[in-house]
Amino acid sequence: MLRSLFAGISGLRVNQVALDVTGNNIANANTVGFKSSATTFSDTLSQMLTASSAPDPANGRGGANPIQVGLGVQVAAISTNFNQGSNQTTGKVTDMMIQGDGMFVVQKGSQTVYTRAGAFSLDQSGTLVAPGGGLVQGVVVDPATGDPTTTPPTVQNQITIPSADPLDPTNLLKTYEIAGDGKVTVTYEDNTKAVVGRIAIANFTNPAGLEKIGGTSFRVTANSGAADIDVPGAGSRGDLVTGSVEMSNVDLASEFTNLIIAQRGFQASSRVITTSDQVLEDLVNIKR
1 MLRSLFAGIS GLRVNQVALD VTGNNIANAN TVGFKSSATT FSDTLSQMLT
51 ASSAPDPANG RGGANPIQVG LGVQVAAIST NFNQGSNQTT GKVTDMMIQG
101 DGMFVVQKGS QTVYTRAGAF SLDQSGTLVA PGGGLVQGVV VDPATGDPTT
151 TPPTVQNQIT IPSADPLDPT NLLKTYEIAG DGKVTVTYED NTKAVVGRIA
201 IANFTNPAGL EKIGGTSFRV TANSGAADID VPGAGSRGDL VTGSVEMSNV
251 DLASEFTNLI IAQRGFQASS RVITTSDQVL EDLVNIKR
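Following UniProt numbering, the numbering of the sequence shown begins with 1 at its first residue and continues without gaps.
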């Protein structure tokens, strides 16, 4: 069979993958915290028709380059773009956006996941939760100063806004706020304040190595590196912008351009298959 036939088939496959990735990006253009993906192609093996040869001055011959025929294309990578998304102001106290690097840490059952989607809320017990009920993680802090009690910080399994002062149940909660440094501060009716927790931010050596698991969440893989958890603003971690969420970083203009490129690539590959079929038909008709 013709090599061009199988090269055309491989072109159909990879351009279909590119269409799938682009379609998913466009579908999530308004998804909070979504990170777009991009497809990278590479050629497959090449068949050697004639090997290269070194120059041979004694016999008056120069060197010859190899003669090879490519055998198609393959998907080399589907990479995630972690560039900052735009800021959408919501005015909701529990909504948060990371301005810079890092990811929120969320406990979902027995699994720890990471996300840029900071559309959080409080459940009936006053615990800060992500959509779907995952517990937003924090670090253990000194209630008076809000500074981590250990180095590195100890992870706090959940952050709960108390309805009253634990030391005086008659001293009810008046208000609470979340600062840009992640401190969750409550104010009681007698105007005393206490820091009940601090939002944890995880950093990774290779964020692109994280695995998407749905729900705008990621989990650690062998190539992402372990999560390095600290408070907002520590090291290269970004500060928090409260009352806002980070929107998708999908660029629709680029995605529609990619859509056209993938469509034309698919169309051209199908034409290669059609032409190869016509050549085979002509070859069969020689016998007639």
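Even glycine gets a Cβ: it sits at the ideal position worked out from N, Cα and C.
Computed from a prediction, not measured in an experiment: that's the story for all the values here.
>> For Q267 and L12, I'd like the C-alpha separation in whole angstroms.
In response: Put simply, the backbone Cα of Q267 is about 8 Å away from that of L12.
According to DSSP, is L240 part of a helix, a strand, or is it coil?
For L240, the secondary structure class from DSSP, reduced to helix, strand or coil, is strand.
Query - T31 versus M247: straight-line alpha-carbon distance, rounded - result: Each residue's alpha carbon lies about 6 Å from the other.
### Query
V284 to G62, Cα distance in whole Å?
Rounded to the nearest angstrom, the two C-alpha atoms are 42 Å apart.
**OP:** Let me know if N191 comes out buried or exposed under the rule of 16 or more other beta-carbons within 10 Å of its beta-carbon.
**Re:** Label assigned to N191: exposed.
Exercise for the section: Using only alpha-carbon positions, find the residue among V241, L19, T22 that is nearest to M96. Expected result: Considering only alpha carbons, the answer is V241.
Self-check item: Given T39 as reference, the closest of S4, D56, V14, A51 once Cα atoms are compared
Solution: Closest option to T39, Cα to Cα, is V14.
Tell me whether the beta-carbon of residue 326 lies closer than 8 Å to the beta-carbon of V220. Only positions 1 to 288 of the chain appear in this structure, which leaves residue 326 out of reach.
**Report entry** C-beta contact flag for T90 and N258 at 8 Å
**Finding:** Cβ distance not < 8 Å, so T90 and N258 don't count as in contact.
Inset, instruction - Tell me whether N249 is buried or exposed, calling it buried when 16 or more other Cβ atoms sit within 10 Å of its Cβ. - result: In summary, N249 is buried, with 16 or more beta-carbon neighbours lying within 10 Å of its beta-carbon over all protein chains present.
Would you call P148 buried or exposed, if buried means 16 or more other Cβ atoms sit within 10 Å of its Cβ?
Burial is judged here by how many other beta carbons sit within 10 angstroms of a residue's own beta carbon; P148 has at least 16 and is buried.
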